[in-house]
Structure formats: structure tokens, C-alpha cells
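As you go down the protein sequences, you meet chains A and B in turn. Numbering of the first sequence is given in the UniProt record's numbering, commencing with residue 1 and proceeding in unit increments. Numbering of the second sequence is given in the UniProt record's numbering, commencing with residue 1 and proceeding in unit increments. Here the structure comes first, spelled out in C-alpha cells, and everything after it is commentary.
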Amino acid sequence: MAEVMSMEDIRTEASRLDIDLSVVDWNSVWVPPGEDFGIKSDDEDLHEDNSLEFDAGFGNVIVVDNLPVVPKEKFEKLEGVIRKIYSQIGVIKENGLWMPVEEDTGKTRGYCFIEYNTPQEAELAKEKTNGYKLDRAHIFAVNVFDEIEKFMRVPDEWAPPETKPYTSGENLQHWLTDEKGRDQFVIRAGSDTEVLWNDARQVKTDPVYKRPFWTESFVQWSPLGTYLATVHRQGAAVWGGASTFNRLMRYAHPQVKLIDFSPGEKYLVTYSSHEPSTPHDSHRVVLNVFDVRTGKVMRDFKGSADEFAFGGTGGFTGVSWPVFRWGGGKEDKYFARLGKNVISVYETETFSLIDKKSIKVENVMDFSWSPTDPIFALFVPEQGGGNQPARVSLFQIPSKEELRQKNLFSVSDCKMYWQSDGEYLAVKVDRYTKTKKSTYTGFELFRIKERDIPIEVFELENKNDKIIAFAWEPKGHRFAVIHGDNPKPDVSFYSMKGGKVSKLATLKQKQANALFWSPGGRFIILAGMKGFNGQLEFYNVDELETMATAEHFMATDIEWDPTGRYVATSVTSVHEMENGFNIWSFNGKLLYRISKDHFFQKEEEISKNLKKYSKKYDVQDQDISLLLSEQDREKRKQLKEEWERWVNEWKTHHNQEKTERQILRDGEASDVEEEYEAKEVEVEELLDVSEVVVPDA
Amino acid sequence: MRPILMKGHERPLTFLKYNRDGDLLFSCAKDHMPTVWFADNGERLGTYRGHNGAVWCCDVSRDSSRLITGSADQSAKLWDVQSGTQLFTFSFDSPARAVDFAVGDKLAVITTDPFMGLSSAIHVKCIAADPDDQVGDSVLVLKGPQGRINRAVWGPLNKTIISAGEDAVVRIWDTETGKLLQENDKEVGHKKTVTSLAKATDGSHFLTGSLDKSAKLWDIRSLTLIKTYFTERPVNAVAMSPLLNHVVLGGGQDASAVTTTDHRAGKFEAKFYDKILQEEIGGVKGHFGPINALAFNPDGKSFSSGGEDGYVRLHHFDPDYFKIPSI
């Protein structure tokens, strides 16, 4: 069938073959591969692909520059070397290697062209061999042929870049200037994502911005609360602004799965993993480090999932997130990742490895940065069946100097906990008992800021107690431990003050499995999440007394307001019922409650509200409570008037129908019980009057 | 005050009704036997024997002499309140559900469920002063709504009948012509089955409770939505305080899901709301299952709740309750 049939012909042919064209599923019709029966496919994708290949058909050609210039007799040898290098990467097309020579001398010109079968191979070759050192004088410069054209277009004359007039952006920290010192939080429920003020004094939320289908998987505040990041199929985006939440920047990263901000929110790390094309390959992962403000990719990392999956536990398809851990406090100077037997530390100035080398540590399992200083702690497990002890070391960056090391024996696992100011490091060590059948737990406490970093061994009174949770007091010197084996464990508080660990108190038999310190320290919530039905105990560690006990049934998440004034407990749709959240005051008073169906996520914006404002808060507390009653009174009055109108209407109707009703009741006149009793009583009470002088802040 | 636990029914409660004087409490349950109690101390006075199926609803005449009950045994029965004797049986071809005496007690409305191909219907019957003259013929039969009609009550001066049920629509019917006068605005109406309906004492407005986790207050003449009360559970029962501006909503998780969770998850509480501000003001716990029935004593000083657990709980309010500041 050489010529193309017209639709008419097809119809007649179909009727001849007794086929009802209207019921034919054309998508299920398959033509033998390579054969189109002379019919051009009108599949658009196919066309596009073809045109792509023909229009710029040099995507599979690379140009290798900086080759040695060799005379004729060495030509073949050089060609052999190049062919050897590049055929490892992909299949070089027949006659695909072309090395031009100078016509008169026969010398090579120091570059060659290599044509691969696919642009992917070319891309890979470029990636792998660009910068390849053939010898000292010859470092390959590899480019895809198509790109040469792009470079050619660069004008020879340098033209000064146009200076764009400065346009002032929106104040991204506008929320910090909120008059009432409130914090924002974001919730996702159903398809909607909402940003709300936590207006605890008016015991309600105050909407800021709401947008359906804002994100495709989750939203995240940046660590300082400047940005709100959303995650989409094409990449991530950040939003911010006073109240409108404009999109500030987009970060293209197809199929992005996870994102992570650096602590100073200068950089954003995005992560995606791709199904391998062949089943025996492992997942390919791509990590990009973006500059948050410019949206530029500062560095990308590609590789198989295995390379990135080392160490740590849990995480996303084998990769423990975040892959890169940021160190050195808020300056975002360093980031590091764990590899097999190495820790790779990069610096953000150049986005390359410090000293161009990773730190070699045999069998390193885990590492953890100090939250404030460029120091990290790493853990190496026992080797050789106990011949080589396990080890915890502290490393300083960029000197890569080992500050302190401690060997540990018969260790099964270690966990590191840094105190938020980087003053202390607690290493929870699970050790085998002599029989090796069970484990018990002890702690190694490092005092980082003291001379020579003294280490203290600390064990619970009952060594066999299982440790359920451990938490440092933020900015403080105390820590809390939940320990015990029975369903009602004990909670103990210890202090690092005075050169030695001292116990402050033990609370017996608490229904708790998680600890949540207030960001300001001093207060802690002992929470019994999930299995413990959401028991909450608000505890004051200064006074060693329970302030309140409460329950948020089935609570799955607890989050402190960054100022430590409020606590949000929520039940996300992990649990099928009760979805919603409660807002509590720090001392355990339930302020308000909001329930949402299909509630997914809640995060509070981190505002670094400062202590010095607390006076101001108090003043505003009063103002607002006055304002509240004002507004409230207004609203209530309105509602009441509305209601009165209804009641009056009903009353008139009722009176009009009185006689008719009597007739219906055979003349029985008793309407007594239906009389309205509307009494208005107004009580005015002066609750409290106080004067506060507001210093100019 | 400590609630009085009234145990007498063996199956889930379905309906509660006080007489006008507020001294008697009638309870209906799925155990076939409507029961009458002293509303003050919860002592059982007696039962009305004769039904052969779950009893869904009842009403008592203004002078507390007659009781009418609607039952799943495809009948509605008239009883003598004092002696407990059956006076008359209205037989239907499908289960009877809601019953309500008209003003003057000369008419009664009875709804029947859809059953074996029969659609649901609202029947209006004449109630004779002398039971010997009683006939079973319907004065009027209204048909139309799809699905079960869970409640039907009389409107002002017996001129209208208000019905609500599974199709979530509240309807007003003309009792003269039998025509449908009004349906509620779909925009603001309930989204799921209306389970309960309670009229104000003066009949000027009514409250509907629905499985869509809300209760709505309507004007009985214009069918205007006045208030909406949101809760966390499907609403099975509603009641309005005759004394204060309070409404009570009862309900809870579906009975079939109860055993799968902690009893606290069920929220088997009677929730009090401020009628005007639509704010929750309190709750009364106690039942081990969803609350199916709620009723206020006409004096507003006590209320009772009936649950899926088969208990009736009679609550006399503490003096504090009357001091709750309204507005």
C-alpha cells in the first residue's frame, strides 16, 4: 500500500471487511515496527522529536580540546588513546572520531570531534572527561558541539551590563513588624493552603492568605521565616511578602521530591530521584544547590542512589534526608555529606571540597554538625568483632583537625544530640551487656566550650532502663530524658551546671513518649503521642512543678510557637478522625480549637521575637483585650439586635394568630407558657486598671 | 447535679418527649415498648405494650391524655396515657416513623418510610375526641421527596407541615391543598441526611440536625436560615432550651464505627451552644454510644438524653447553669 488512502477509501474498505469504524479503538492498532505503510504518523510528539534531531543534529557530537599536537607518525597512537578513553563512555559512531590535521605539516591541530549515537552519551562524556588530565600539560576541555555555537555568539567587545533601576522589593520580614507581635503559621487541609496569624489573645486565627492547589506535595517555611517554599512537579518555588505572598523565585528541578534550606536561608538544596531505565541499575538521584535569592544553581550533584544512600537511617528511597548537612551556624559556610569511608565537606564560597579532598574516616556511620560552630561529631562503629573499638570524634573545619576523640567498647549504636548553642554534645551510647543478648544505654557528655573538651560519662540510676526520648533545653544547660520499660515511663531532668551532671528531679509514671522544650527553655511539654492518646503535661523546670495537664486526643504533632508563648497540637490526616489543631498557651491553657477535614501539615513561621519586646507585649496584651471586648461587644450587639428583630417578628405573628389558635384549641385560652420572657440585664464591671509606661523601643 | 440514669430499655433509644406540664417523660426505643417516666426523679411509670417493631417517634396531646407512636411494625398507635391501653391502630403498608399532633390535637401527621417499592409518604389523620369514633382514613397524603422522611411537624395554625429527611431538604407543605410550598435554599441547606427537627415552644422557628455535622435554625414561616451551629460529629438529635438562648446538639460517630476506637474519640457528648452567638459553651458527657434523642423539660430546668447505649440520662441543671452570661 504505497499511496495514502483517503478517508472515503478507508470507509469503503472497512465496510467491505465488515468493520464498524466507530467502535474501533485506534490506540490499540499497532503497526509492525519500522513499517508505516506509507502513512505518516500525525502524532505530534513524534514530529517534534524528529525535527529536534535534524535541526540541531549535533547534540551527539563533542569537541575535545587541549589535545597534544602530534606529528603524522604519532597520529594513530593518539587516536587510539582517545578512542580508548571515549569508547568507555558510549558507543562512538562508525567514522565518528575525526581529528583534523594541518594540511602542510600533517600535525594535528590539538582538537578532535567525537560523534556518539545519542546526545545522552555525549552529555555524559562531557561531564566525565571535561578536565581529564591526560598529562600535566594537557587537560581536556570538552564541549558539546551545539554549545560551541553558543560560545561563538559571545561578543568580542565587552559591553557593560545595563544597570537596571533599583526597585525596592517587598519587606519579606513584614510579619516581624506586626504590631501585636503575632506569628504566622501555615496549614494545609484538603486542597487549600492557608497562612494565618495566630491571634491568641483574640483566641482565634486571622487569615492572611489562602490559595487552593498552592503546592503539589508540601510547603515549608525557611528557617528564619522569610520565605515559604512550595514544591511542584517542575521544581520548587519560594513565596514571600507582606500579605500577598508573591512568588519570588522559581528553582527548576523536575520531579523534585525533597527540599532543604540552609540555616541562614541563603541556599536551597533540592533532591529528586529517577526510576532507572533498566531494572538492574539503581535509582539515579539529582541534587541541586540553589542560591535562594538569585535562583542560580550553585552546584549540582548527580549519581546513583547508592552513592548518596550511605549512612543514616530512614529517609526517602534509601537516601537519608537531608543529604547535605549545613554547618557553621547561620553563615552557611559549610555543608557536608556522608560517603563511604569519607565525609565530604564543601564550602559555599567556591562550592568545592575543602582542600579539594574529602576527609577519610574508615567506616564512618554518622556525623552531626554543631548548630553554631564549624565543628562536627562523627561516629565510627566497632570493627573486627570488637578488636577495634567504636569511636566518637570531634572535627574542626576548615582545619580538619581532630579536637577530641573517645573510644567506646561493645557499642551497638550511637546517637548524637547537640545542644542548640553548641555548648554541649550528648552521645547516647547503646552498649551490649556481657551476654550480648540485650543492650543498655549510657551517655557521653561533651562540654564543647570548656578547655580540652572534658567528657563525662553519665548513666541512669537504673542502668537497664530503656531511653525513650532525650532532649536538650534550648539555650540552656538542662536536659530531659524519658526512661523506663513499663508502659508508664519516668521522666528525669538533669543539669550540666557546676562542672558535673546533677539530677534535678524525676517524675514517676508519666504517660509520655516525646519531649518538647519551649524554644526559650524553662518550659517543657511531656507528651504522650499517638499510642498514649495525646496526653499533655505542661511542666515548668525552673520551679519543678506541673503547670497543667491536658489532653488532645490522638495528637500526632506538637509545635511550639518560636517565641515560646504558644503551643500548637495537631492531628493530621495520618489519623482518620479528629483532624484539626489546638492552640494552647505555654502554661497549658487551651486557647482555641480548629478542626479541618483532610488536614495534612502545619508549620509555624520562625520569628526570632526578642525578649526585649516582652514588656511591649504585655502592654499590647491589654490593648488587645480592650480591643477585643470592643470588637466583640460590637459584634455581639449586632447579633443580638438581629435576633431581637426575629423575636419581635415572631411575637407579632404569634399575637396575630392568638384567636385562631384558641379556636383550634376549642376556645382554650391558655397561652401562658408561650409568653416571652425577654429581660435585659446590663452589668458593668471594672476588672482591672493599671498603668504601664512604654519606653521607646 | 448528678444525672439520673434511667435504665428500662433494652435497645437503643430513638426519641424522647416531655408532656406540656413537664412532669412526664416519654421515651421510644428499638425494643418495641414506649415507656413513660416521672420527669422529676426518673422513676418508671409504665410501658405501652402492643408494638411489634422498633418505635421511632411519639407525641403526647396537650392535655396529656393521648399518646401517639410510630413504629417499624407498619403501624402508628394511639394510647391512653394513663391506663396504657391501645385506643386505635393506624395500619400502613410500610414502617411508620415521625408522628406529631396538630394544635388542638384534632389532627396528627404520620410519615411512612419507603418500603418494598412504595415511596415515602406523609399522612394526615383526624383524631376523634372519642376513641370509639376514630377512623383510619387519611385526610391528606403527601408524596414526593425521595428517601426516608425522618421528621414531620405542624407549622403555625396547622396551615403547613414541615418535613425533612434523607434527601437533606427541608420542605413546607400546604395542608389545605397538599401542595409543596417551599424548599430550603440549596446553597445554605444541609448537605447530608437531616436526622432531627425540634420546634421552638411557640412554634416560630425550628432547629434541624444533620449528619453533615451541623445544625441549622430556620424561620418556620419563611424558611429563612437564621443560624448554623457547627460541630465535630454527625448530629443525631437537637433540642432548644425554652428558658435560655441555648441549643443542645447530640450525636457522635456512627454506631458501627464505635467499637473500633476509644470511647473518647466518639464525642458522645451533648453539646451546648449559645443560640445567638453560635458558640459552643459546654458539653455533658456520659453516654457510651451516640446520642439519638434529646429533649428539654418545658420549664427549661432539666433535660434528658437517650443514647444508642439504651440509657436515658436525666440531667437537672446546677444553679450555675442559669448564671451563664448570655452576650
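Ideal placement from N, C-alpha and C gives every residue a C-beta, glycine not left out. Predicted model, so just to flag it, every value in this text is computed and none were measured.
Of the residues the options, the one placed nearest residue i, counting alpha carbons only
i       : options                            : result
I558(A) : P161(A), V571(A), Q638(A)          : V571(A)
W79(B)  : G286(B), R2(B), F92(B), S65(B)     : S65(B)
E349(A) : W158(A), Y334(A), M529(A), T105(A) : Y334(A)
P95(B)  : C57(B), A102(B), G144(B), D73(B)   : D73(B)
P3(B)   : K192(B), A128(B), L244(B), A39(B)  : A39(B)
R49(B)  : L67(B), H246(B), P298(B), F15(B)   : L67(B)
P207(A) : P160(A), S399(A), T193(A), E73(A)  : T193(A)
T112(B) : G165(B), D132(B), S214(B), Q82(B)  : G165(B)
S495(A) : K466(A), D542(A), K449(A), A469(A) : D542(A)
K191(B) : W173(B), I161(B), S210(B)          : S210(B)
G251(B) : I281(B), T201(B), T195(B), N184(B) : T195(B)
G190(A) : N579(A), Q383(A), L664(A), F379(A) : N579(A)
K159(B) : F15(B), S304(B), L181(B), L249(B)  : L181(B)
E649(A) : E279(B), S222(B), K125(B)          : S222(B)
E269(B) : D137(B), A237(B), F26(B)           : A237(B)
G8(B)   : G147(B), G42(B), L217(B), D299(B)  : G42(B)
V567(A) : R522(A), N540(A), F516(A)          : F516(A)
G117(B) : D133(B), A128(B), Q134(B), Q146(B) : Q146(B)
Nearest-angstrom beta carbon gap, residue j and residue i [assumed within contact, 8 Å]
i              : j       : result
residue 732(A) : F324(A) : Residue 732(A) lies beyond the residue range present for chain A, which begins at 1 and ends at 697; the question has no answer from this structure.
Y271(A)        : V285(A) : 7 Å
N116(A)        : G96(A)  : Reading off the sequence shown, one finds Tyr at residue 116(A), where the question assumed Asn. Right, the Cβ-Cβ distance comes to about 7 Å (below 8 Å), so this counts as a contact.
L536(A)        : T556(A) : That belief does not hold up - the Cβ atoms of L536(A) and T556(A) are roughly 13 Å apart, past 8 Å.
Y227(A)        : V292(A) : 7 Å
DSSP state of residue i mapped onto helix, strand, coil
i       : result
I62(A)  : strand
T193(A) : strand
K615(A) : Any reading at K615(A) must be qualified, since the residue scores a pLDDT of 44, below 50, and its modelled position is unreliable; no value is offered.
Q656(A) : helix
G104(B) : coil
N158(B) : helix
V647(A) : helix
D373(A) : coil
A125(A) : helix
T317(A) : Residue confidence for T317(A) is low, a pLDDT of 41 falling below 50, so the modelled location carries little weight and cannot support an answer.
T12(A)  : helix
Q662(A) : helix
F75(A)  : helix
E674(A) : With a pLDDT of 48 at E674(A), under the threshold of 50, the predicted position of this residue should be treated as unreliable, and no value is reported.
P212(A) : strand
V285(A) : strand
P207(A) : strand
E53(A)  : The predicted position of E53(A) is uncertain, since its pLDDT is 42 and thus under 50; a value taken from the coordinates is nonetheless stated next. Helix.
R182(A) : coil
K143(B) : strand
D430(A) : strand
K608(A) : Because the pLDDT at K608(A) is just 40, under 50, the model does not fix this residue reliably, and the point stays unresolved.
S87(A)  : helix
K357(A) : coil
T234(A) : Residue identity differs from the one stated: residue 234(A) is Gln in this sequence, not Thr. Of the three classes helix, strand and coil, the one that applies to Q234(A) here is coil, per DSSP.
D174(B) : strand
E450(A) : coil
Y321(B) : helix
E401(A) : strand
Residues within the stretch 626 to 653 of chain A neighbouring chain B, beta-carbon criterion of under 7 Å
Cβ proximity to chain B below 7 Å picks out R636, L639, K640, W643, W646, W650, H653 from the stretch 626 to 653 of chain A.
What runs of the beta strand (DSSP E), each 3 residues or longer, lie entirely inside the UniProt repeat "WD" (187 to 228) of chain B?
Fully enclosed beta strand (DSSP E) runs of 3 or longer: 194 to 199, 205 to 210, 214 to 219.
Relative to chain B, which residues along the stretch 412 to 445 of chain A have a C-beta separation below 8 Å, given in chain order?
Correct list: empty, as no residue qualifies.
Residues, ordered as in the chain, of the UniProt repeat "WD" (142 to 183) of chain B that lie near chain A by beta-carbon distance below 9 Å:
Correct list: P156, L157, N158.
Chain-ordered residues of the stretch 13 to 36 of chain B with a beta carbon less than 8 Å from chain A
The residues in question are R20.
Mind listing, in chain order, the continuous beta strand (DSSP E) runs of no fewer than 3 residues lying wholly within the stretch 453 to 504 of chain A?
Assignment of beta strand (DSSP E) within the stretch 453 to 504 of chain A, counting only whole runs of 3 or more residues, yields 455 to 459, 467 to 472, 478 to 483, 490 to 495 in chain order.
For the stretch 655 to 666 of chain A, enumerate the residues whose C-beta is nearer than 9 Å to any C-beta of chain B, in chain order.
From the stretch 655 to 666 of chain A, only E657, E660, R661, I663, L664, R665, D666 have a Cβ closer than 9 Å to chain B.
Identify every run of the alpha helix (DSSP H) within the UniProt repeat "WD" (48 to 89) of chain B, keeping only runs that are complete inside it and at least 4 residues long; order them along the chain.
Taking 4 residues as the shortest admissible run, the UniProt repeat "WD" (48 to 89) of chain B contains no complete alpha helix (DSSP H) segment at all.
Along the stretch 209 to 226 of chain B, where does the CB come closer than 8 Å to a CB of chain A? Name the residues.
Listed in sequence order: D219, R221, I226.
Output, in sequence order along the chain, the residues in the stretch 267 to 285 of chain B whose CB is closer than 7 Å to any CB in chain A.
Per Cβ criterion, the list reads I276, L277.
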